[in-house]
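Trainee:
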Amino acid sequence: MTNRPFRYAFFNSLLLLLFSIFVFAWTSLVSPNNADAQSMADIQSIKVDDLTDAQIRELIRRANDAGLTEFELIQMARLRGVPETELEKLRERIENMEFSVAGGRPGATPSKREPRKQNDLSEISQGLFKNQTDLEMLFEEAPSPYFGGDIFYNKRRRLSFEPNLNIATPKNYVLGPGDLVYVDVYGQSEKYYEATVSADGFVLLDNVGPVSVSGKTIEEATNIIRNRLSTFFADMNGPSPRTFMQVTLGNVRTIKVHLVGELRLPGTFTLSAFSTVFNALYAAGGPNDNGTMRAIKVVRNNKTVAEVDIYDFLVNGKANLNFQLQDQDVILVAPFLSRVTVTGEVKRPKIFEVKEGESFAQLLSYAGGFTDEAFQDRVAVTRVLGSERAVSDIFKDQYEIFTVKGGDQYSIGKVLNRFTNRVQIKGAVFREGNYALSEGLTLKQLIKNAEGIRGDAYLDRATILRTYEDLSTEVIQVNLRELMAGNTPDVALKREDVVRVSSIYDLQEEYYVQIKGEVKNPGTFPYSKQMTVEDLIILAGGLKESANTQDVEIARRAGAEGAGTFSELIPVAINTDLSLRENPQYLQPFDNVSVRRKSNFVLDKQVQVEGQVNSPGIFSIKNAEERVSDVIKRAGGLTPYAYPKGATLIRRTEFYETESEQIRRQRNLQDLQQKMLLDPNNTEAQELLLQRLFKDLGTPTAVTVGEGVLAAQSKRETLTGIAETKFDLEAIKIRQTEAVAIDLEAILQNPGSDKDLILEEGDIISIPRQLQTVRLRGDVVYPATVRYESDRGMKYYINRAGGFDIRANRKRTYVVYANGEVNRTKSFLGIRSYPSVAPGAEVIVPTKGPRVPIRPGEFVGIATALATLVLVITQINP
């Protein structure tokens with residue numbers, strides 16, 4: 007457990023906090039516009055004469071709000087280095103203002119006395135907190151199992167019982183050495199005296215002499231001093247005195263109190279003379295786990311003068327604060343008297359200390375009484391009898407007379423979770439729940455109390471689950487239809503009967519219908535009687551543009567058909583506007599409606615032409631036979647700078663992630679919505695369209711899988727599986743697009759030929775500018791890009807790159823032309839024929855594989871094989 011600062015650290019923190027409040031108040035009064043920037047050191051240069059009375063009053067008010075007295079305010083200012091001359095001026099200003107606020111007598115001399123304070127506070131702090139680290143270690147994090155065990159200290163909150171010094175002087179306060187006494191003479195004559203009670207018990211008054219007051223109460227000391235002063239002020243006594251006198255206590259002295267016995271931190275403590283037993287116990291951390299809380303004794307002059315019961319404070323709030331400690335008092339905490347344990351349904355389940363003769367009723371008051379769910383008629387007690395334990399019961403009428411005994415264990419149980427007069431009704435009634443079993447309650451009356459049967463109730467059968475005394479159950483069948491009609495006798499109910507009225511929908515499978523195909527929101531919908539195909543299409547958001555209204559099919563579950571028949575197919579033709587027909591086709595539960603697509607309906611397909619054409623851009627495909635030459639012609643033909651030999655066709659593969667029709671429609675509608683929002687002058691029809699768009703786009707729609715997506719996904723998984731099973735095969739790179747080599751010159755010269763490819767959705771025709779370079783890559787000395795020169799072969803360009811490197815695989819050198827075609831080096835009888843080079847081509851020289859050295863074993867194997875071959879040849883040709 008980590009050590010936390012105890013009271014000493016708390017006291018220092020409080021002083022720092024109060025002083026920060028003082029500094030803020032002082033600086034904000036002197037310089038209100040720059041209070042935040044005023045530093046601590048600035049207060050040393052503040053002049054009290056520069057402060058107005060209003061600022062002084064505000065300073066006092068803020069200090070009082072923080073719980074800081076005027077004297078403490080001045081003391082902290084002194085600690086911060088404020089000159090004594092300024093402090094004296096501030097003290098005079100405060101005292102004069104305080105007297106005027108209190109309403110002093112006219113012509114009276116204002117008092118120069120400081121407010122009442124505790125003498126030698128540093129000594130008290132040292133005595134109280136010198137062992138605060140040891141005391142902190144004595145407390146555990148968990149709450150004490152003993153009632154009142156954590157009253158004097160706990161981790162979250164501290165109950166300090168600190169004495170209040172700002173009260174009128176108690177008349178029964180006993181004066182002692184160290185007390186400061188104020189004597190005020192007022193009326194016809196005015197005089198004031200200040201004197202401290204000496205160690206011999208005297209106060210020395212100016213021009214009067216010593217007066218013995220030690221051991222006297224304030225009231226007794228007042229009479230003694232009045233008698234002595236009456237010799238100097240003749241009009242102080244008599245039937246009509248004109249001079250008066252008042253004795254008050256100034257600074258409070260400190261006393262030494264000895265705390266012994268079963269305490270957390272026994273010892274001698276220096277306390278205020280106003281302190282009570284609770285102040286002293288708090289200083290010592292309170293009784294420990296073995297100490298009594300019921301009989302704490304105060305010993306004075308070898309006699310017990312008081313006995314404190316902490317339970318009286320905890321239960322009744324009586325702290326006996328009028329009894330004050332005196333110097334050299336001894337507080338004795340003996341071991342606990344007797345303890346009992348209370349568990350179960352009480353508000354304070356703890357271990358309690360009990361006195362001789364206390365009853366269980368008193369113990370119950372210590373425990374805070376029963377909880378709301380406690381069984382109060384009987385309490386079980388386990389008692390120690392000699393060498394054994396015995397179990398006994400305390401009944402409710404015995405609480406006041408049953409005497410508790412040390413070691414007792416009391417257990418208070420809960421009320422049973424059962425009902426004496428409950429019946430229940432569940433199911434198809436308007437108000438399910440528990441009902442009271444009144445005299446003569448019947449099933450019909452219970453249904454009436456539940457506000458009747460719902461329309462979906464199954465009336466041919468209801469059940470009553472009846473529980474008997476041996477906890478066996480019986481189900482009683484009731485025909486509600488006959489019962490409610492009065493044709494059968496009513497059924498009398500008994501305690502814990504459970505009536506269940508089933509719904510007709512509880513007894514059958516939930517009905518639904520489905521629709522798929524060319525509707526806006528395909529899916530599953532609830533079934534209703536007399537529902538037509540048109541009704542279901544309307545629920546699904548209507549038809550798509552591609553829907554074929556003459557090819558709608560209903561798949562209905564097969565009824566009593568022969569084996570092997572799964573469903574009955576019903577063709578339906580509907581009106582395009584979904585209007586009513588003379589002979590509508592009504593649906594049945596679990597029907598599955600399919601709306602087919604129009605046979606020739608396709609979405610618009612687009613291709614893109616980029617590069618050296620007169621009108622590049624995106625073009626819609628006109629028909630299924632449109633070719634490359636047709637689109638080039640629509641694009642205005644080639645520009646003079648075009649390089650047709652480098653033209654490339656970029657085509658999507660079957661792995662291309664195409665958008666579904668639903669997603670494309672969603673994107674188009676969102677684009678329409680954004681454009682309409684930017685137009686501030688929409689017509690009424692356009693505003694309605696905008697509302698419909700918000701409604702449609704705000705509702706999630708089903709995403710249909712695009713054509714060929716499932717097949718592409720299956721092929722992708724197949725290729726990946728092949729690559730995983732072949733250890734020597736690299737991972738197959740699945741691309742969404744790839745370049746197709748085309749001969750654009752031949753295409754334009756002979757449109758419609760086999761070289762003139764038919765276009766597909768998403769094709770991109772790229773025609774570059776005239777190219778004049780050749781790129782060399784791979785295992786050449788210096789890979790580079792060089793200028794193209796006609797009538798030059800590939801070896802010329804390789805030499806321009808420094809020639810072949812050492813590990814170059816010359817016979818596998820190949821050329822990639824600008825249009826994507828590839829041509830490799832050929833070899834015949836050791837003579838290599840290198841491919842030609844064209845503008846924009848890329849010459850690639852691959853690298854030979856790593857050279858693997860021949861192991862001795864392999865060399866021996868090769869030699870053996872050769873020797874065998876020679877032997878075979880010699881045998882064939884002798």
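Everything in the sequence shown is counted per our numbering, starting at 7 for the first residue and increasing by one.
All C-beta atoms, glycine included, are put in the ideal place defined by N, C-alpha and C.
Bear in mind that the values here come from a model prediction, so they are computed numbers and not experimental data.
#1: Closer than 6 Å by C-beta to Q612: which residues in its own chain qualify, once you throw out the five before and the five after it? Chain order, please.
#2: If you compare alpha carbons, which of E313, T249, E540 is closest to T237?
#3: Looking at D383 and F401, is the spacing between their C-beta atoms short of 8 Å?
#4: Out of R467, G846, I764, D785, which one is the CA nearest neighbour of L777?
#5: Return the CA-CA distance between S398 and T388, expressed in angstroms with no decimal places.
#6: Would you report the Cα separation of A201 and S365, rounded to the nearest angstrom?
#7: Tell me Y592's beta-bridge partners as DSSP assigns them.
#8: Tell me the rounded alpha-carbon separation between S600 and E559.
#9: Quick check on the DSSP output: what are the complete beta strand (DSSP E) runs of length 3 or more inside the stretch 216 to 262, in order along the chain?
#10: Pull up the DSSP beta-bridge partners for K303, would you.
#11: Shortest alpha-carbon distance to F342 belongs to which of E362, L331, Q332?
#12: For the candidate residues S508, D769, F596, whose alpha-carbon lies nearest to that of A653?
#13: Could you please give me the residues that DSSP links to N829 through a beta bridge?
#14: Which residues in the same chain as V263 place their Cβ atom closer than 6 Å to its Cβ, once the five residues preceding and following it in sequence are excluded?
#15: Name the DSSP bridge partner or partners of R816?
#16: Alpha carbon to alpha carbon, how far is K411 from G392?
#17: When burial is assigned at 16 or more other CB atoms within 10 Å of the CB, is V390 buried or exposed?
#18: DSSP state of D557, grouped into three classes?
#19: Quick one: Cα of S195 to Cα of M251, how far?
#20: Check the DSSP bridge columns for G267 and list the partner residues they point to.
#21: Going by beta-carbon coordinates alone, are A498 and T448 separated by less than 8 Å?
#22: Using three-state DSSP, classify Q483 as helix, strand or coil.
#23: Please determine, among D797, G799, Y803, the residue with the shortest C-alpha to C-alpha distance to P789.
#24: Which of the three DSSP states is assigned to T298 in this structure?
#25: Once DSSP output is grouped into helix, strand and coil, what is the label at S204?
#26: Confirm, please, whether the CB-CB distance from G799 to V851 is below 8 Å.
#27: With three or more C-beta pairs closer than 8 Å as the rule, is the stretch 588 to 603 touching the stretch 539 to 546?
#28: What did DSSP end up calling Q614 once you bin it into helix, strand or coil?
#29: Could you name each continuous beta strand (DSSP E) segment of 3 residues or more that falls completely within the stretch 360 to 446, going from the start of the chain to the end?
#30: Within a Cβ cutoff of 7 Å, which residues of the same chain sit near T436, ignoring the five residues on either side of it in sequence?
#31: In the DSSP assignment, find the beta strand (DSSP E) that holds V601 and state where it starts and stops.
#32: Helix, strand or coil: which one does DSSP assign to V876?
#33: Given that a residue counts as buried once 16 or more other Cβ atoms are within 10 Å of its Cβ, and exposed if not, what is R741?
#34: Which of the three DSSP states, helix, strand or coil, is assigned to D749?
#35: Does the contact criterion of 3 or more C-beta pairs under 8 Å hold for the stretch 239 to 247 versus the stretch 216 to 229?
#36: Using the rule of at least 16 other Cβ atoms within 10 Å of the residue's Cβ for burial, across every protein chain shown, is D503 buried or exposed?
Mentor: According to the structure shown:
#1: I624, S626
#2: T249
#3: yes
#4: G846
#5: 6 Å
#6: 55 Å
#7: T538
#8: 5 Å
#9: 249 to 255
#10: E313, L338
#11: E362
#12: D769
#13: V821
#14: F275, L277, A286, L331, D335
#15: Beta-bridge pairing links R816 to no other residue.
#16: 13 Å
#17: exposed
#18: strand
#19: 10 Å
#20: V339
#21: yes
#22: strand
#23: Y803
#24: coil
#25: coil
#26: no
#27: yes
#28: strand
#29: 384 to 391, 394 to 401, 415 to 418, 428 to 433, 439 to 442
#30: For the sequence presented, residue 436 should be read as Phe rather than Thr. Here the set comprises A456, E457, G458, R460.
#31: 598 to 603
#32: helix
#33: exposed
#34: coil
#35: no
#36: buried
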